[in-house]
Amino acid sequence: MTQRAKITLIEIPGLDLNQSGLDRSVSCSQHISTTVPRGLGDPHVSVNFRATPPIMGYNAIRQSQGSVALFFEFFCNRLLQSEELIIIRYVDISSGKDYLNRPIITDSLSKFFITSPKFTEPIFYFSRPPQASVVIGLNQDVYSEVNLNFIRDQKIQLSRRFAGGGAVFVDPGNLTYVFIDNDDGSNYGDFKRYAQPVISTLKKLGVDAKMTGRNDLTVDGKKISGMSALKIGDRFLCGGTLMVDVDLAKAAKALTPPKVKLQSKGIKSVHSRVTNIRQYFDPKYKNITFEELEKRILLTVFRVTDIRDVPTYTMTDDDWKDVLKIADQAYTGDDFVMGTKPNDDYFRGRHFDGVGTVEISFSVKNDVVTHAKIYGDFNNPNGDLAAIENHITNVPFAKDSLEEAFRISNLEANIGKVTPPDMADLMLKEKYDLK
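162 is the number of the first residue of the sequence shown in the working numbering; add one for each residue after it.
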């Protein structure tokens with residue numbers, strides 16, 4: 162009789178590896194055989210593994226002709242050389258609903274998962290804000306991106322995340338999905354990879370979602386999700402905000418992105434560039450709840466048909482205490498959120514395909530750059546923007562001098578794939594003026 166084993170990462174509840182009676186002969190559906198490493202048990206039970214197509218998720222199907230099926234990530238990665246197999250864990254954060262009414266806690270939660278030694282495997286989780294807030298990217302200028310008078314009048318919270326990306330308006334009609342993964346040299350910044358389970362789920366619900374541009378999910382050319390990334394050491398975040406029932410009128414009034422950003426996307430206003438996905442669901446899914454939507458995404462991410470097969474970890478009180486410590490250390494006042502208001506002679510911005518919008522506030526006196534500050538929604542929160550600003554300060558406001566200053570500034574590592582001539586052109590040409 163075939164028995165399915167519920168595997169939770171490396172730990173298998175109730176299983177004593179030394180007494181499991183596993184056969185050393187293992188086969189898979191591709192007719193590849195190998196030997197189980199020594200010490201896993203005596204030869205009595207035959208274990209079969211079936212390879213599945215590459216997908217971000219818990220994508221092993223375990224079957225056994227005896228009492229248990231055993232599966233190890235390192236073993237099958239070697240066995241199925243052409244297959245990409247990633248074992249991840251779902252983290253249930255619902256125990257922290259009393260904390261999550263503060264946007265800074267949500268952002269600190271991400272940093273906790275990236276840096277805590279308790280989590281070394283890839284993980285996935287959802288969050289929903291209990292009230293409206295505007296969240297801006299790490300390198301953005303809040304004064305040009307946000308209608309500060311409006312959000313104050315409406316008592317809309319404002320926060321700045323550790324990750325890059327652009328400003329977003331979130332409220333209880335928004336669902337945020339987040340992957341925390343380990344950098345293998347190719348997956349960091351691959352937004353399409355981490356958006357795919359969400360796209361696949363939406364298509365099953367009748368929503369023709371597509372990945373467009375650098376990090377947006379769209380339907381009929383309108384944005385339904387924006388993604389951002391953050392890397393600390395060898396671990397990183399990649400996640401997005403999914404608009405289901407967001408108050409679009411408030412979103413349009415709360416956000417005021419520079420015209421260059423809208424023009425680069427061929428649109429006229431914030432309101433015309435975003436939409437909710439509710440209207441696109443097939444009729445039978447029109448009233449789908451957030452809980453059901455989360456469940457369907459989880460089934461896709463973990464490649465299972467039963468939600469009980471999703472390996473789950475629930476946040477503890479000690480975990481939340483660690484999150485609060487991160488929040489207290491990172492946010493020492495309004496300075497981090499508000500930043501310094503640009504008060505320069507020029508404020509220019511340009512959208513670069515595959516990178517995002519780069520903005521520079523700078524002053525010039527006697528044909529010399531006397532001050533410079535870089536902003537933008539580019540997804541590179543680890544870049545040393547201060548080094549670039551220092552290199553272009555106190556140099557002649559001329560093409561050759563600026564190009565040389567940008568050339569020694571390691572632009573690709575600190576911003577993205579932009580060139581010294583492009584950045585010099587940005588500063589010199591009035592067509593990029595945002596004022």
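Quick reminder that beta carbons are idealized off the backbone N, C-alpha and C, glycines included.
Close beta carbons around residue i, own chain, < 7 Å, minus the five adjacent residues each side
i: P283; result: I247, I249, F340, I341, D342, N343
i: T281; result: none
i: K392; result: D344, Y349, N543
i: D483; result: F273, S277
i: F558; result: V525, D528, V529, V530
As assigned by DSSP and simplified to three states, the class of residue i
i: I458; result: helix
i: Y349; result: coil
i: T362; result: helix
i: N310; result: helix
i: M404; result: strand
i: A328; result: coil
i: F497; result: helix
i: Q315; result: coil
i: I487; result: helix
i: E293; result: This sequence places Ala at residue 293; Glu is not what is there. DSSP places A293 in coil when its eight states are reduced to three.
i: Y593; result: helix
i: A356; result: helix
i: F463; result: coil
i: I449; result: coil
i: Y304; result: helix
i: I438; result: coil
Distance between residue j and residue i (C-alpha atoms, nearest Å)
i: S329; j: T436; result: The sequence as given places Val at residue 329; Ser does not occur at that position. Computed Cα separation, rounded: 13 Å.
i: P581; j: E565; result: 7 Å
i: V529; j: R509; result: 17 Å
i: D573; j: I468; result: The sequence given here has Glu at residue 573, not Asp. So the two alpha carbons sit approximately 42 Å from each other.
i: L270; j: I553; result: 36 Å
i: R396; j: N262; result: 26 Å
i: D514; j: D408; result: 29 Å
i: D302; j: R434; result: 20 Å
i: K103; j: Y441; result: No answer is possible for residue 103: it lies beyond the span of the chain, which begins at 162 and ends at 596.
i: H512; j: E550; result: 19 Å
i: K534; j: R457; result: 44 Å
i: T402; j: L563; result: 37 Å
i: G537; j: V519; result: 5 Å
i: N335; j: K526; result: 47 Å
i: E244; j: S347; result: Caution is warranted here: a pLDDT of 35 is assigned to E244, below 50, making its placement in the model unreliable, and the coordinate value is therefore given only provisionally. Between E244 and S347, the C-alpha separation is close to 16 Å.
i: R289; j: E452; result: 11 Å
i: Y507; j: N571; result: 23 Å
CA nearest to the CA of residue i, picked from the options
i: R354; options: G367, L366, R375; result: R375
i: D496; options: D505, G257, Y304, P278; result: Y304
i: T373; options: A324, Q357, G367, F463; result: Q357
i: V462; options: I265, T281, Y286; result: Y286
i: L589; options: L546, D545, S522, G537; result: S522
i: V296; options: F558, K486, N348, P264; result: P264
i: G387; options: G298, S361, D302, L459; result: G298
i: V556; options: Q440, F567, K392; result: F567
i: V471; options: K445, L459, E453; result: L459
i: V516; options: S256, N540, D505, Y507; result: N540
i: P444; options: I266, N300, L366; result: L366
i: G326; options: G577, I360, P503, K414; result: G577
i: F311; options: A413, I275, G382; result: A413
i: D377; options: S256, M499, F352; result: F352
Beta-carbon proximity list for residue i, same chain, < 6 Å, skipping 5 on both sides
i: K371; result: T379
i: T531; result: S524
i: C399; result: F340, Y355, A390
i: D545; result: N575
i: M584; result: F567
i: K560; result: A585
i: I449; result: none
Start-to-end residues for the alpha helix (DSSP H) that takes in residue i
i: T267; result: 264-276
i: M584; result: 581-589
i: L546; result: 546-553
i: R568; result: 560-568
i: L572; result: 572-575
Close Cβ partners of residue i (< 8 Å) along its chain, the five nearest in sequence each way excluded
i: K411; result: A293, Q315, I317, F330, D332
i: Y474; result: R250, Y251, V252, D253, I284
i: K258; result: P291
i: I608; result: Here the chain comprises residues numbered 162 to 596, so residue 608 is not present and cannot be evaluated.
i: T417; result: S305, E306, V307, N308, V431
i: E455; result: F287, L336
Continuous beta strand (DSSP E) stretch holding residue i: start and end
i: F287; result: 284-288
i: K414; result: First-last for K414: 409-415, but that is the alpha helix (DSSP H), not the beta strand (DSSP E).
i: R250; result: 250-253
i: G604; result: It is not possible to answer for residue 604, since the shown part of the chain is limited to 162 through 596.
i: N335; result: 335-343
i: L378; result: 377-380
i: F442; result: Careful: F442 lies outside any beta strand (DSSP E) and carries neither H nor E.
i: A533; result: 529-537
Contact test: residue i Cβ vs the ligand MN heavy atom, cutoff 8 Å
i: A559; result: The model depicted lacks the ligand MN and carries no ligand whatsoever.
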